[in-house]
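Here the sequence shown is numbered in the numbering used here, starting from 5 and rising by one per residue. Every residue, glycine too, gets a C-beta built ideally from N, C-alpha and C. Keep in mind the model is a prediction, meaning the values are calculated, not measured. What follows is a set of notes on a single structure, which appears directly below.
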Amino acid sequence: MKVLVIGNGGRESAIAWALSKSPKVEKIYVMPGNAGTGISWENVDISPSDQEAVCAFAKEKGIDLAVIGPEDPLVAGLADQLSGAGIKVFGPNQKAAQFEGSKAFTKDFLMRHHIPTARYREYTDLDSLKEGLGEFGFPVVLKADGLAAGKGVLICQNEEEAVRGAEKIMGERAFGDAGNLVVVEEFLTGREASILCFLDGKRIVPMESAQDYKRAHDNDQGTNTGGMGSYSPNILFDDEALVERIEKEILTPTIEGFVEDGIDFRGVLFIGLMIENGEPKVLEFNVRFGDPETQSVLSRLETDLSDIMLACVEGKLDEQPIQWSKSPAVTVVMASGGYPDAYEKGKVIEGLDAVEDAVVFHAGTRLEDGKVLTDGGRVLAVTATGESLEEAREKAYRELAKISFEDGFSRSDIAKFDS
Ligand code: AMP
Ligand code: GLY
């Protein structure tokens, strides 16, 4: 089987790596990929936004399965184009991708189907927005409706900050058209958890749980990032009553709502939750695997990922067993100094060959004259598994210490708990 993985981050490295373990997969292309995917598989220098070129490539090479990693091509309708060209594609169509493309679309869906979420209101003009900022008290959350590379959510502590936030999104248009509509949302407290689920159009099957660390620095200090580390399973999910509530109050009404609304979702739904006093509420839906949750979660998958993906595409998840390893996994991201704000690229990465006991998933890297150079904010994700979470964590950090590049940093507290 020939597989095309679309994207270039740590998530796509992990997807390609998991697929490469399948005896059925004979060839993997990654488009456009990074240094690591180019070394292990074959990179294709085509932009995922060039839908015509992507389809032409997939047809020419006889691709049996295309997997779309990031949200932008999904929201732009690449899955529709590929399936229109007769290619099997893992990743939701454009209609279903609206759950990530529009926060208001998701909020409306959650409300109509009585799925627990924060109270909200939406605004399309700055004056009414400013008047409505105080409705749910402070802090308050402002969300640019559209895609904003993970930056469109502002948590404002008081009215002054909220007014500034409203002006930033709607006045200065800091996120462009993504801010034409703004969702004002009640601020929720509690602990965050993400659940990734496989969907085949009619069924939803949760993967093992994970936790992401969103802030740049230790003890959740610093700016929000795409994610600086993860571990799986999430310790919050030791609580069986909570797992049952999530199933009953969130997963079941979600898939029933999709079917009722005529949304044919085949791919991964990523549900961001806030949990307080055992009560789960939906923060967001994403329509793809999470990064760096995927690195930890797929490291624990024992079933052939190509079988699961094809079962999703063909609407046969009920016939597909999915097995997970009991061994926990820990992922630590190595980022460029300054990330998520301005950072330099082109630093030489040393020590990659010395890693023995962990998998290094490349993200922002490129190859030049045989050297691996940094080429993005999140550069590498180091994932280890172990008998216990502590062992996995210790291994991940031990192996990560062998790798270095100028100004690189990582958090030292991933999967670390006060005992
Ligand atoms: P989102 O992209 O909607 O998940 O928002 C990004 C991050 O903002 C989340 O992971 C939370 O940390 C935070 N967040 C979003 N909505 C809320 C909310 N209603 N209350 C508290 N924090 C929130
Ligand atoms: N780690 C969060 C995300 O992928 O959106």
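- For the set R207, K399 and E189, the Cα lying nearest the Cα of E251 is the one of R207.
- The Cβ atoms of G226 and T335 do not sit closer than 7 Å to each other.
- Around the C-beta of R123, fewer than 16 other C-beta atoms lie within 10 Å, and the residue is accordingly described as exposed.
- In the three-state reduction of the DSSP assignment, M338 falls in the strand class, which pools E and B.
- Between V34 and W21, the CB-CB gap reaches or exceeds 7 Å.
- With respect to the 7 Å criterion, T229 and P143 are not classified as neighbours on the basis of their beta carbons.
- Taking the Cα positions, V352 is about 11 Å away from G374.
- Under DSSP, D216 forms a beta bridge with S234.
- Each residue's CA atom was taken as its position, placing Q102 and V79 some 6 Å apart.
- Fully enclosed beta strand (DSSP E) runs of no fewer than 3 residues occupy 69-72 of the region 62-95, in order along the chain.
- Counting the other Cβ atoms within 10 Å of the Cβ of S236 gives 16 or more, which makes it buried.
- Residue environment for G231: buried (at least 16 other C-beta atoms within 10 angstroms of its C-beta).
- Look at N162 here: in three-state DSSP terms it is coil, with no helix or strand label.
- DSSP places K420 outside any alpha helix (DSSP H), giving it a letter other than H or E.
- A heavy atom of the ligand GLY is found nearer than 6 Å to the CB of G294.
- Annotation: the continuous beta strand (DSSP E) that includes I279 extends over R270 to E280.
- DSSP, read as helix, strand or coil, puts E139 in coil.
- Assigned with DSSP and collapsed to three states, F365 falls in strand.
- CA-to-CA, the gap between E391 and Q161 works out to about 42 Å.
- Judged by DSSP in its simplified three-state form, L255 adopts helix.
- For the ligand AMP, a non-hydrogen atom lies closer than 6 Å to the CB of A122.
- Secondary structure of V29 (DSSP, three-state): coil.
- For D112, no beta strand (DSSP E) segment is defined; the enclosing uninterrupted segment is the alpha helix (DSSP H) at K107 to R116.
- With 16 or more neighbouring CB atoms inside 10 Å of its own CB, E75 falls in the buried class.
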